[in-house]
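Novice: Numbering follows numbering that gives the first Met the number 0, with no gaps: position 271 of the sequence shown is 270. The beta carbon of each residue, even a glycine, is placed where N, CA and C say it ideally should be. As the structure is a computational prediction, the values presented were derived from the model and not from experiment.
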Amino acid sequence: MTERITARIGWTDLPERVRATVEEIIGDRVVEAVSQPGGYSPGTADRVRTATGRRAFVKAISPAQNPDSPVMHRAEARTAAALPVSAPTPRLLGCHDDGEWVALVFSDVDGRHPTTPWRNDELSRVLRALEAMAVALTPSPVADVPTAAERLAWDFAGWHRIAAEPPDRLDPWVRAHLDQLRAAADQGIAALTGDTLCHVDVRADNLLVDAAGTVTVVDWPWACRGPAWLDTALLLVNVRLHGGHDTEALLRRLPLTAGVDPATITGFYAGLAGFFADGARRPPPLGIPTVRAFQQAQADALLPWLAQRLP
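In structure tokens:
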């Protein structure tokens, strides 16, 4: 399935003042802008080229597209500015913020999203990149981000919200195991301790692979401090969603997850599944009409796995 789920505005939809500031950051006049696939934001996501051949990536949004997205762009700008050069991330070249429009300008990455269903070679490269990223981002280079437990506290209470107001068509297995799912998610959130800067949204459309196989992790609005294994465990949800790999076997052999208490991993996935299942039943947010279907697909991928893992 595709993860491009919404139409986007483009470079020419930005106000003149925003485009002018972006060109000042790049240092030249933009003559070409190509919108990029993937992701959720209804704002711009353009690779741009200037009159003298300079290239950059520009993402911009205002509350008119989605009221929450400018806050996310501002958070990403603060995090991106502090990321070390050793991390597999794009460099932030500059930011425009006039109180309405927020535009982030990054170094251009000449890559593409990994193929899904995941190819063995690309999956191996991404997993190695996440190991290297965990090393580069431990201890966290950004102090003013929430902990993973703080960031995910509301999300991981999804099963509690479902129990308080169960939908008419609640999955029979979920209904029979709701108490276990709630307890596991509570255990999972309590175990999200650590001082690694975590991305917390690692999936194929937030990754780029170039011709040499180098992996870049993009889009950092949700960064938080947590355990080094968190982003690798998150990636495996995306791998399981698209199929073709034994994610349980991967968990057992990958360096970052092999030594983690299985109950902690189960709790982590229970919390994520509760978030997705609870979110999927709600009206879509402004400008992101099909996000609920994607959340349901992720819940559907996780629940059979949890049925295997729960005692």
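If you draw a straight line from the C-alpha of residue 144 to the C-alpha of residue 52, how long is it?
Specialist: Looking at the two C-alpha atoms, the distance is approximately 36 Å.
Novice: At which residues does the beta strand (DSSP E) containing residue 224 begin and terminate?
Specialist: Its beta strand (DSSP E) spans residues 223–225.
Novice: For residue 150, which of 308, 74, 280 and 63 has the nearest alpha-carbon?
Specialist: Ranking the options by Cα distance to residue 150, first place goes to 74.
Novice: Enumerate in chain order the residues of its own chain whose CB-to-CB distance from residue 66 is below 7 Å, with the five nearest sequence positions on each side excluded.
Specialist: Excluding residues within five positions, the ones whose Cβ falls inside 7 Å are 285.
Novice: Between which two residues does the beta strand (DSSP E) carrying residue 70 extend?
Specialist: Segment 68–81 is the alpha helix (DSSP H) holding residue 70; no beta strand (DSSP E) there.
Novice: Could you give the distance in angstroms between the alpha-carbon of residue 30 and the alpha-carbon of residue 310?
Specialist: Approximately 59 Å, taken between the alpha carbons.
Novice: When the Cα of residue 62 is compared with those of 50, 96, 46 and 32, which residue comes out closest?
Specialist: Here the closest residue by C-alpha is 96.
Novice: Since residue 241 is in the alpha helix (DSSP H), which residue starts that stretch and which ends it?
Specialist: Residue 241 -> alpha helix (DSSP H) spans 229–241.
Novice: Would residue 47 pass as a contact of residue 59 if the rule is Cβ separation under 8 Å?
Specialist: Not in contact: residue 47 and residue 59 (Cβ atoms no closer than 8 Å).
Novice: Pick from 279, 226 and 263: whose alpha carbon is nearest that of residue 192?
Specialist: With distances taken between Cα atoms, residue 192 lies closest to 226.
Novice: Assign residue 117 to buried or exposed, taking buried as 16 or more other Cβ atoms, counted over all protein chains shown, within 10 Å of its Cβ.
Specialist: With 16 or more Cβ atoms within 10 Å of its Cβ, residue 117 is classed as buried.
Novice: Pick helix, strand or coil for residue 135, following the three-state DSSP scheme.
Specialist: Residue state, collapsed to three classes: helix.
Novice: On the DSSP bridge list, what partners appear for residue 95?
Specialist: According to DSSP, which records beta bridges pairwise, residue 95 is partnered with 102.
Novice: Can you tell which of 83, 6, 224 and 270 has its C-alpha closest to the C-alpha of residue 187?
Specialist: Ranking the options by Cα distance to residue 187, first place goes to 270.
Novice: First and last residue of the alpha helix (DSSP H) that includes residue 180?
Specialist: It spans 177–189 - the alpha helix (DSSP H) in which residue 180 sits, taken as one unbroken run.
Novice: Can you name the residues that DSSP bridges to residue 207?
Specialist: The partner list for residue 207 (beta bridge, DSSP) reads 215.
Novice: Could you tell me the alpha carbon to alpha carbon distance between residue 209 and residue 164, rounded to whole angstroms?
Specialist: Residue 209 and residue 164: Cα-Cα distance of roughly 46 Å.
Novice: Give me the DSSP bridge partner(s) of residue 196.
Specialist: According to DSSP, residue 196 bridges with 224.
Novice: Measure from the alpha carbon of residue 128 to the alpha carbon of each residue in 179, 138 and 198, then state which is nearest.
Specialist: Closest by alpha carbon: 198.
Novice: Return yes when the Cβ of residue 276 is within less than 8 Å of the Cβ of residue 291, no when it is not.
Specialist: Contact: no.
Novice: The alpha helix (DSSP H) that contains residue 277, what's its start and end?
Specialist: Taken as a continuous stretch (DSSP letters only), the alpha helix (DSSP H) holding residue 277 covers 261–279.
Novice: Looking only at its chain, what residues have a beta carbon closer than 6 Å to the beta carbon of residue 177, apart from the 5 residues adjacent to it on each side?
Specialist: These residues qualify, in order along the chain: 162.
Novice: Look at the alpha carbon of residue 80 and the alpha carbon of residue 173, and state the distance between them as a whole number of angstroms.
Specialist: In a straight line, the C-alpha of residue 80 is about 42 Å away from that of residue 173.
Novice: Do you know offhand how far residue 324's Cα is from residue 100's?
Specialist: Residue 324 is absent from the structure shown; the chain starts at 0 and stops at 310.
Novice: Within 10 Å of its beta-carbon, does residue 0 have 16 or more other beta-carbons around it, so buried, or fewer, so exposed?
Specialist: Note that residue 0 has pLDDT 31, beneath the 50 cutoff, so the model's placement of it is unreliable and no number is given.
Novice: Between which two residues does the alpha helix (DSSP H) carrying residue 45 extend?
Specialist: Residue 45 -> not in any alpha helix (DSSP H); beta strand (DSSP E) instead, spanning 43–49.
Novice: Could you give the first and the last residue of the continuous alpha helix (DSSP H) run that contains residue 293?
Specialist: From DSSP, the alpha helix (DSSP H) with residue 293 extends over 290–308.
Novice: Roughly how many angstroms separate the alpha carbons of residue 312 and residue 258, rounded to a whole number?
Specialist: Absent from the structure is residue 312, since the part of the chain shown begins at 0 and ends at 310.
Novice: Using the C-alpha atoms, what's the distance from residue 124 back to residue 92?
Specialist: One C-alpha to the other measures close to 26 Å.
Novice: Could you spell out where the alpha helix (DSSP H) holding residue 33 opens and where it closes?
Specialist: Element bounds for residue 33: not the alpha helix (DSSP H) but the beta strand (DSSP E), 29–34.
Novice: So residue 40 and residue 68 are in contact, right, with Cβ under 8 Å, and what is the actual spacing, rounded?
Specialist: Going by Cβ atoms, the distance from residue 40 to residue 68 rounds to 6 Å, so yes, they are a contact pair.
Novice: Looking at the structure shown, is residue 202 part of a helix, part of a strand, or coil, going by DSSP?
Specialist: Residue 202 falls in the coil class under three-state DSSP.
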